[in-house]
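Read in order, the letters of the sequence shown are residues 394 to 613 in the working numbering.
Cβ atoms here follow ideal geometry from the backbone N, Cα and C, with glycine treated the same way.
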Amino acid sequence: MSKYELQKYVQHQLNNFYPDNRFLNEDKFKNSIDEALERAQYCFQHISLSAYHRDGTTYFNHLHADQYTIFLWFLSNSIWNKFEDSELSAKLFNLNKTLNGFLCMYDAKLPDIFLVVHGNGIVLGKATYSDFLVCYQGSTVGAIDGKYPKLGKGVALAPDSSIIGNCSVGNLVTIGNQSLLRNTSIDDRSLYYRHTKTGEHIVQPTETPWAQTFFNVPIL
């Protein structure tokens, strides 16, 4: 699919979901598509998963739901950063929410390099993020009393895990399935998980950070 075809593809989706007869600014949209594709390419080239590469070249497939999720967020964020067009940015946010179950506002500050895996039900609030973030389905990053977490490089959130409130999460930290980190800080290279029988939350050091397995360059 060419850039022009991709542009029309997204426009058709927006017009179908939001038939309000408010036409998109073609120049603004084209300019933002170009930037979003550049940002997506830079992000994808660091990912080690085979679906992101073809014959040694970084590859974007609009029918790959996780790739399209990341692209739509970059697009919404680029439009907001360049033009502060809250209406178009909001439509793209809602489109991403509707199609992919991905809830991250267009004015959040996600890192340049991040990965969505099985992206349904991911909620990413306006926390402080770093590169090499990995988010599985059902994961949440949110605030308590207006205080958001601060995440280091290579933080991986397993399915249905949460980081909320005044948390300082170090580099290369893994948050295990169904774990809740709430107003708590975690040191570098740690595994935080919920015991399946007792429900107790446990933190232990690890030398094999999960996030590193998803990227083709050293995180640190």
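V596 is positioned such that its CB atom lies closer than 8 Å to that of I579. In terms of Cα proximity to T533, the closest of C497, L481, L407 is C497. In chain order, C436, I463, Y522, D524, F525, L526, V527, C528 place their CB closer than 8 Å to the CB of F507, counting only its own chain and leaving out the 5 sequence neighbours on each side.
Looking at D500, M394, H594, T491, the one whose alpha-carbon comes closest to that of F476 is D500. Assigned with DSSP and collapsed to three states, H511 falls in coil, not helix or strand. With a 10 Å radius around the Cβ and a threshold of 16 neighbouring Cβ atoms, A549 comes out buried.
Proximity to Q530 across K590, I568, D478 peaks at I568, based on C-alpha coordinates.
By the Cβ neighbour-count rule, L565 is buried, with 16 or more other Cβ atoms within 10 Å of its own. The three-state reading of DSSP puts A458 in helix, counting H, G and I together. Where Q438 is concerned, there is no enclosing beta strand (DSSP E), because DSSP gives it neither an H nor an E. For L503 against L488, the beta-carbon gap comes to about 17 Å, at or over 8 Å, which does not count as contact.
Shown here for A433: same chain residues with a beta carbon closer than 8 Å to its own, the five before and five after excluded, namely F453, Q460, I463, F464, F467 in chain order.
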